[in-house]
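**Student:**
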Ligand SMILES: *Cc1c(COP(=O)(O)O)cnc(C)c1O
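In our numbering, the protein residues as written are 786 to 1183.
#1: For a quick check, are the C-beta atoms of residue 928 and residue 974 less than 8 Å apart?
#2: When you compare only the Cα positions, how much space is there between residue 896 and residue 1078?
#3: What three-state label does DSSP hand residue 807 in the structure shown?
#4: With the cut-off set at 8 Å, would you say residue 926 and residue 986 are in Cβ contact?
#5: So if I measure from each beta-carbon to every heavy atom of ligand 1 and keep distances below 6 Å, which residues remain?
#6: Should residue 1088 be labelled buried (16 or more other beta-carbon atoms within 10 Å of its own) or exposed?
#7: I'd like the span of the beta strand (DSSP E) that includes residue 987, first residue to last.
#8: Where does residue 1091 fall in DSSP's three states?
#9: If I follow the unbroken beta strand (DSSP E) through residue 1150, where does it start and stop?
#10: Name the DSSP bridge partner or partners of residue 974?
#11: Can you tell me which of the three DSSP states residue 1157 falls into?
#12: State the DSSP-derived secondary structure class of residue 1064, mapped to helix, strand or coil.
#13: Per DSSP, what kind of secondary structure is residue 1075 in: helix, strand or coil?
#14: Using the C-alpha atoms, what's the distance from residue 826 back to residue 1114?
#15: Per DSSP, which one or two residues make a beta bridge with residue 1026?
#16: Going by C-alpha distance, which of 1002, 899, 1061 is nearest residue 1032?
#17: Here's the rule: buried if 16 or more other CB atoms are within 10 angstroms of the residue's CB, otherwise exposed. What is residue 821?
#18: Here's the rule I'm using: 16 or more other beta-carbon atoms within 10 Å means buried, otherwise exposed. How should residue 1083 be labelled?
#19: For residue 892, which three-state DSSP category applies?
#20: Look at the alpha carbon of residue 1156 and the alpha carbon of residue 1060, and state the distance between them as a whole number of angstroms.
#21: How many Å lie between residue 817 and residue 850 at the Cα?
#22: Assuming contact is defined by CB atoms lying nearer than 8 Å, are residue 1004 and residue 1034 in contact in what I supplied?
#23: Would you mind reading off the limits of the alpha helix (DSSP H) that contains residue 937?
#24: Just the C-alpha distance for residue 1065 and residue 1147, rounded to the nearest angstrom, thanks.
#25: Once you ignore the five residues that flank residue 831 on each side, which residues in its own chain have a CB closer than 7 Å to its CB?
#26: Can you list, in chain order, the residues of its chain with a C-beta nearer than 7 Å to that of residue 800? Leave out the 5 residues immediately preceding and following it.
#27: Roughly how many angstroms lie between the CA atoms of residue 1103 and residue 952, to the nearest whole one?
#28: Under 6 Å Cβ to Cβ from residue 1161, same chain only, skipping five residues before and after it: list those, please.
#29: Within the same chain, show all residues whose beta-carbon is closer than 7 Å to that of residue 1092, passing over the 5 residues directly before and after it, in chain order.
#30: Hey, residue 1057 and residue 1152 are a contact pair by Cβ (cut 8 Å); roughly how many whole angstroms apart?
#31: Whose C-beta lies closer than 6 Å to the C-beta of residue 901 among residues of the same chain, with five residues either side of it excluded?
#32: In three-state terms, what does DSSP make of residue 917?
#33: What do you reckon, are the CB atoms on residue 991 and residue 969 nearer than 8 Å?
Take a look at the structure:
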């Protein structure tokens, strides 16, 4: 028998990783059970996962897909967004948010973000509306909920479709409800950098059973009945292909992981909030620095913990990342600004000073379920030591 040699993430790489899924024996068992069953593609387990997620988020329907980018893409197709349309999105996001607009031939128009939440607001979206605008994608960046109600009201006034990119936000709360509960369409990610992990995986929610049915067809090449439905039907079903679809299917192996992970979301969010509080407390002594925190209208799952460096910080952002790496700590650059990336250089130049500042001056710090408060202190101590570095090297040169 062939043995795979797979490195264990933390053990073999050493130090403090950026992220690490929280898996136990239950996840392993659940996947093995699916493999043993002989049905590994989208089937009964995906359907059970969808129901569990709809219950957790508090929406009537959830459609599981291969990743969150596919979920957002379905959101665009589902709203009939097409060539010539403009879709308002934050530039400050993972590039998938802007990419999906292009997948349907439309043009992303970048809106500024709020300096505290790092999310678009009704005001920053309103500034970008033109006669060609047909939709808005609002992001719950790093798990911090966007203030969706005023954005939804603005979209309703202008007859714009609204999709919530909640890729990072499973377990966050908006106005005391789970993020996604108040949205017509919310898209979630189950990538290992997020919280509930299925390897790759995504989900789109909707309140309408007709829309859910259409999404389910679109994710399986536009077919009227899935392979599993044909297999499990007493009659011989013959499928039809009613519109051009995609292959956006999740597998039953991923859904089995997801079903176990779903039971752990509240414990994971609780632990992340505790670790985030330890970061906030210890970094408070870094004068001029700002860290991610809850907005007054909701609470974050702290999917990512960002630190915005003060202007007079002793080293550049990239030097700080190298400094941390030398000490076995894996930080990352902050969230990117799509409008500053070469892929979007052909779009009309947009001046987004807040976005640019955040993209250039922020770092994401390690945060994962099995991290200890001592690990958090180690990261903070390394940053605090870095902050005194220039003054000490200046002294040496005197
Ligand atoms: C991770 C992420 C995505 C993409 O999710 P995938 O599941 O990797 O496709 C989209 N938007 C945001 C804001 C993200 O953070």
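Heads up, the beta-carbon is just placed ideally off N, CA and C, and yes, glycines get one too.
Predicted, not measured: the structure shown is a model, and the values here were computed from it.
**Tutor:** Let me spell this out:
#1: no
#2: 22 Å
#3: coil
#4: no
#5: 852, 853, 854, 878, 879, 881, 882, 924, 950, 952, 953, 974, 976, 987
#6: buried
#7: 987-991
#8: strand
#9: 1147-1150
#10: 987
#11: coil
#12: helix
#13: strand
#14: 38 Å
#15: 1008
#16: 1002
#17: exposed
#18: buried
#19: strand
#20: 8 Å
#21: 21 Å
#22: yes
#23: 933-942
#24: 15 Å
#25: 849, 1035, 1037, 1040
#26: 1113, 1114, 1115
#27: 26 Å
#28: 1060, 1063, 1064
#29: 1068, 1074, 1076, 1147, 1148, 1150
#30: 6 Å
#31: none
#32: coil
#33: yes
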